[in-house]
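Peer 1: Protein sequences appear in the order of chains A and B. Take 1 as the starting number for the first sequence in the working numbering and just add one per residue. Take 350 as the starting number for the second sequence in the working numbering and just add one per residue. My questions all concern the structure below.
Number of protein chains: 2
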Amino acid sequence: MKCVRCRDDAWVEVRRHNASYCGDHFIQFFHDQVRRAISHDKMFSKSDQILVAVSGGKDSLALWDVLLEEGYDADGLYIDLGIGDYSSRSRDYSEQFAAAHGRTLHISDMQQSFGVSVPLIAEQTRRAPCSGCGLAKRYLFNREAAERGYAVVATGHNLDDEAATLLGNVLHWQTGYLARQAPVLEAEDAGLVRKVKPLYRLSEHETAAYAVIRGIEYVVEECPNAVGAKSILHKEALNLLEQASPGTKQAFLLGFLDKARAQFAANDPHELRPCIECEQPTTTERCAFCRLIAETRDPKPRVARRYGKTRRGGDRRKIRAGDTATAGAVTAGVGEAEPPNSDDSPSPV
Amino acid sequence: MKCVRCRDDAWVEVRRHNASYCGDHFIQFFHDQVRRAISHDKMFSKSDQILVAVSGGKDSLALWDVLLEEGYDADGLYIDLGIGDYSSRSRDYSEQFAAAHGRTLHISDMQQSFGVSVPLIAEQTRRAPCSGCGLAKRYLFNREAAERGYAVVATGHNLDDEAATLLGNVLHWQTGYLARQAPVLEAEDAGLVRKVKPLYRLSEHETAAYAVIRGIEYVVEECPNAVGAKSILHKEALNLLEQASPGTKQAFLLGFLDKARAQFAANDPHELRPCIECEQPTTTERCAFCRLIAETRDPKPRVARRYGKTRRGGDRRKIRAGDTATAGAVTAGVGEAEPPNSDDSPSPV
Chain A
1 MKCVRCRDDA WVEVRRHNAS YCGDHFIQFF HDQVRRAISH DKMFSKSDQI LVAVSGGKDS
61 LALWDVLLEE GYDADGLYID LGIGDYSSRS RDYSEQFAAA HGRTLHISDM QQSFGVSVPL
121 IAEQTRRAPC SGCGLAKRYL FNREAAERGY AVVATGHNLD DEAATLLGNV LHWQTGYLAR
181 QAPVLEAEDA GLVRKVKPLY RLSEHETAAY AVIRGIEYVV EECPNAVGAK SILHKEALNL
241 LEQASPGTKQ AFLLGFLDKA RAQFAANDPH ELRPCIECEQ PTTTERCAFC RLIAETRDPK
301 PRVARRYGKT RRGGDRRKIR AGDTATAGAV TAGVGEAEPP NSDDSPSPV
Chain B
350 MKCVRCRDDA WVEVRRHNAS YCGDHFIQFF HDQVRRAISH DKMFSKSDQI LVAVSGGKDS
410 LALWDVLLEE GYDADGLYID LGIGDYSSRS RDYSEQFAAA HGRTLHISDM QQSFGVSVPL
470 IAEQTRRAPC SGCGLAKRYL FNREAAERGY AVVATGHNLD DEAATLLGNV LHWQTGYLAR
530 QAPVLEAEDA GLVRKVKPLY RLSEHETAAY AVIRGIEYVV EECPNAVGAK SILHKEALNL
590 LEQASPGTKQ AFLLGFLDKA RAQFAANDPH ELRPCIECEQ PTTTERCAFC RLIAETRDPK
650 PRVARRYGKT RRGGDRRKIR AGDTATAGAV TAGVGEAEPP NSDDSPSPV
């Protein structure tokens, strides 16, 4: 395999583009794709202050790196979710990157600020951990960015993440989520910050290759909560299709953005107002994050399983759904204005 | 495993309904689902004359059987596509069923009527065989039904077929096909006959179980052209998701019909007029079937591959696409009013 640019030995194959690249030309390809995303979707300019949502993983650190290399003014925000060793290691990698590049890394510690962690939220509310985690991150990214005066929050969602989310949304025809799945979510309200995904044209494999070639150290292991998550299954199904027909994921995502999203967006009216507790914008009286924190501190009484059991299991299922109905309500606002990448799946930042 | 109705040994498991059935109660379940489809989608009544599109396979013969058992006035139409032994065996099974039930089976023989067969169409037009085959069947089902005075054409598309088609349409955001994928396609024009799919709530496994339990003999092997077809890959991906989460296919299809299809249909205006050759309704001057037959009889000159080859294979691909552009144009009309179940995939009737 030879580099399509210089005919040197190729390091990375990009099958959907029918191309292979040597290290240097792959980095150039990567930059080209990011530049293309930024300009095609009018994400931000050199004068904007950007806050990168940093998890310590390959995607967010590759994103931060490429933005700095391109000359953007980009700081980082790390949210400590309290997921044991995994959180400490992720934080270390994030801090190392910030120090090596002489940039500011803001830290938001859920335990310190709210007295809760992701494992505690999952335990107390009996939601899938990724669900509470995603909601908390979306809320905190926005709030921290708004309070610190950043114009835009950039997240490391890549093509695989976005295609898997889209598949999940389409399998259940989550029309509200479909309306709001986009590489750019405008700040509809004074309290909302614009969200952008500059890596949405690059695959997971490519962000990993970029990080490796650039010598970026990142936390390699998956979040321990990700085991069995729906998004992993959706990625598996898409990989099967991509294998047989390279370019499937890209055509799926870009085709949606080009031809279908507007139809869903036109049918998704929603009005924002300040949360009565935290004053962040929301579609409901109290925002989903405040409800989540309240429920974690004061969990609903558990319904004993045996009353719900029937021969065919029908009622048992109903009780499970009822347990989480309030916290799981679909709303739009802070932590909600963008759809979750998948309600029970790990999100990459 | 016990039958959920009578606690006898179960023969068939229906995981998406969290149920298992003995033979008798499975047949009852099958009838219930067909009755539900017919009434929910207002497909037809006991006074309508129905033409069942019969292929000799499990789906179409199960459909014909259940409609007769339910007391509907249903004849069959078999289209001889000229696919060697496969076509002869399919025809035999169809004729045996018709004779055993004392019903009329109309035969439409492509070789006799048009001097072409599916293999010849594929060879001459260099389209995937399933593409020309699907188009020809849709055209002939409608034309034969209209000319013979039937009110409605019923096809054996099951839940797996419909979900796989939907996935294919969604992966490429074929908005025109999405607008027209439905269990009932109304006759928009005098020359069009209503199309219905009474098995769309039943899985492939269930139609096979029904045929076996009812003692229906059918052609078991797949069409030899189906090897490598996209719909098989799409079914594989959906099976992966269904395995992890039973009910995924049903939620995907029914959710689409319930929540999303109307949005695509609203953006799909098209006007029908008679084909200048066969006078069947079409959106183009000459209908897709007449163009297909013409192209088969008088193929376009082949572009030598070597001129199209480039180092990266880009132009080669373009030439392939150009070759079939005319015959592959997306139009709506006879053989076109309903979207193909997948353009390069076997269709079950």
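For each residue, glycine too, the CB sits at the ideal point set by N, CA and C. All values derive from a computational prediction rather than experimental measurement.
So is A:E285 buried or exposed if we call it buried at 16+ other beta carbons inside 10 Å?
Peer 2: When all chains shown are included, A:E285 counts as exposed.
Peer 1: Would you verify that the beta carbon of B:G604 is, or is not, closer than 8 Å to some beta carbon of chain A?
Peer 2: Answer yes: the Cβ-Cβ gap between B:G604 and chain A drops below 8 Å somewhere.
Peer 1: Between the region 208-242 of chain A and chain B, which residues of the former have a C-beta closer than 7 Å to a C-beta of the latter?
Peer 2: Answer in chain order: L233, E236, A237, L240 and L241.
Peer 1: Quick check on A:R7: buried or exposed, where buried means 16 or more other Cβ atoms within 10 Å of its Cβ?
Peer 2: Exposed, by the Cβ-count rule.
Peer 1: Going straight from the alpha carbon of B:S594 to that of A:A244, what length do you get?
Peer 2: B:S594 and A:A244: Cα-Cα distance of roughly 23 Å.
Peer 1: Roughly how many whole angstroms lie between the Cα atoms of B:A402 and A:C130?
Peer 2: Approximately 48 Å between the Cα atoms of the pair.
Peer 1: Going along the chain, which residues of its own chain have a beta-carbon closer than 7 Å to the beta-carbon of A:T296, five neighbours each way excluded?
Peer 2: If we look at A:T296 and ignore the five residues flanking it on each side, its Cβ neighbours are V116, L120, I121, Q124 and T125.
Peer 1: Going by beta carbon distance, what residues of the same chain come within less than 6 Å of A:A17, once the five residues before and after it are set aside?
Peer 2: Residue identity differs from the one stated: residue 17 of chain A is His in this sequence, not Ala. Hits under 6 Å: none found.
Peer 1: If B:V383 and B:P547 are in contact, beta carbons under 8 Å, what's the gap, nearest whole angstrom?
Peer 2: Correct: roughly 5 Å between the Cβ atoms.
Peer 1: Looking at the strands, I want to know which residues DSSP matches up with B:F534.
Peer 2: Residue identity differs from the one stated: residue 534 of chain B is Leu in this sequence, not Phe. Paired residues: B:K544.
Peer 1: Count the other CB atoms within 10 Å of the CB of A:V12; is the residue buried (16 or more) or exposed (fewer)?
Peer 2: With 16 or more Cβ atoms within 10 Å of its Cβ, A:V12 is classed as buried.
Peer 1: Give the C-beta separation of B:M392 and B:V545 to the nearest angstrom, bearing in mind that I take them to be a contact with Cβ-Cβ under 8 Å.
Peer 2: With 8 Å as the limit, B:M392 and B:V545 qualify as a contact, their Cβ atoms being about 4 Å apart.
Peer 1: Does B:H521 come within less than 8 Å of chain A when only Cβ atoms are used?
Peer 2: Closer than 8 Å to some Cβ of chain A, the Cβ of B:H521 qualifies, so yes.
Peer 1: Answer yes or no: do A:Y210 and A:A19 have a C-beta to C-beta separation smaller than 8 Å?
Peer 2: Going by C-beta atoms, A:Y210 is not nearer than 8 Å to A:A19.
Peer 1: Short of 7 Å in beta carbon distance, which residues of its chain neighbour A:M1, apart from the five on each side in sequence? Order them along the chain.
Peer 2: Once the five neighbours on either side are set aside, the close Cβ partners of A:M1 are A10, E13 and S20.
Peer 1: Just to confirm my understanding: we take A:E144, look at its own chain, exclude 5 residues before and 5 after, and list those with CB closer than 6 Å. What are they?
Peer 2: Once the five neighbours on either side are set aside, the close Cβ partners of A:E144 are L77 and S108.
Peer 1: Just to confirm before moving on: does the CB-CB distance between A:L240 and A:A163 stay below 8 Å?
Peer 2: Contact: no.
Peer 1: Using the C-alpha atoms, what's the distance from B:R529 back to B:G657?
Peer 2: For B:G657, the pLDDT reaches just 42, beneath the cut-off of 50, and the residue's location in the model is therefore unreliable, leaving the point undetermined.
Peer 1: Report all residues from its chain with a CB closer than 8 Å to the CB of A:L351; omit the five preceding and five following residues, and keep chain order.
Peer 2: It is not possible to answer for residue 351 of chain A, since the shown part of chain A is limited to 1 through 349.
Peer 1: Which bits of chain B does A:N267 rub up against, with CB to CB less than 9 Å?
Peer 2: Correct list: Q612.
Peer 1: Tell me the rounded alpha-carbon separation between B:L508 and A:H234.
Peer 2: Their backbone Cα atoms lie some 20 Å apart in a straight line.
Peer 1: Measuring alpha carbon to alpha carbon, tell me which residue in A:A151, A:R201, A:D73 and A:I27 is nearest A:H40.
Peer 2: Considering only alpha carbons, the answer is A:R201.
Peer 1: Using beta carbons (cut-off 8 Å, strictly below), is B:A593 in contact with chain A?
Peer 2: Yes, B:A593 counts as interfacial toward chain A.
Peer 1: For a quick check, are the C-beta atoms of B:V467 and B:C482 less than 8 Å apart?
Peer 2: Contact: yes.
Peer 1: Residues in its own chain within less than 7 Å of A:A187 by CB, not counting five upstream and five downstream?
Peer 2: V193 and R194, listed in sequence order.
Peer 1: Flag A:T352 as yes if its beta-carbon sits less than 8 Å from any beta-carbon of chain B, otherwise no.
Peer 2: Because chain A is modelled from 1 through 349, residue 352 of chain A falls outside the range shown and cannot be assessed.
Peer 1: Once the 5 residues before and after A:E217 are set aside, which same chain residues still bring their CB inside 7 Å of it?
Peer 2: Excluding positions up to five away in sequence, the list reads Y93 and Q96.
Peer 1: Expressed to the nearest angstrom, what Euclidean distance is found between the alpha-carbon atoms of A:G23 and A:T207?
Peer 2: Rounded to the nearest angstrom, the two C-alpha atoms are 13 Å apart.
Peer 1: Determine the direct distance from the alpha carbon of A:W64 to that of A:R302, and round the result to whole angstroms.
Peer 2: C-alpha separation (whole angstroms): 43 Å.
Peer 1: Tell me the DSSP secondary structure of B:Q398 in three-state form.
Peer 2: The answer is strand: DSSP assigns B:Q398 an E or B state.
Peer 1: Just verifying my parser: in three-state terms, what is the DSSP assignment at A:I27?
Peer 2: The answer is helix: DSSP assigns A:I27 an H, G or I state.
Peer 1: Jot down the residue ranges of each uninterrupted beta strand (DSSP E) in the region 244-281 of chain A, minimum 3 residues, whole runs only, in chain order.
Peer 2: Those beta strand (DSSP E) runs which fall completely within the region 244-281 of chain A and span 3+ residues do not exist here.
Peer 1: Could you give the first and the last residue of the continuous beta strand (DSSP E) run that contains B:V465?
Peer 2: Element bounds for B:V465: n/a, residue is neither H nor E.
Peer 1: How is B:K351 classed by DSSP in three states: helix, strand or coil?
Peer 2: Here B:K351 sits in strand by DSSP.
Peer 1: Taking only beta-carbon atoms, is A:K300 less than 8 Å away from chain B?
Peer 2: Chain B, which has no Cβ nearer than 8 Å to the Cβ of A:K300, makes this no.
Peer 1: Less than 8 Å between C-beta atoms, sequence neighbours within five positions excluded: which residues of the same chain meet that for A:R148?
Peer 2: Same-chain partners within the cutoff: L51 and H106.
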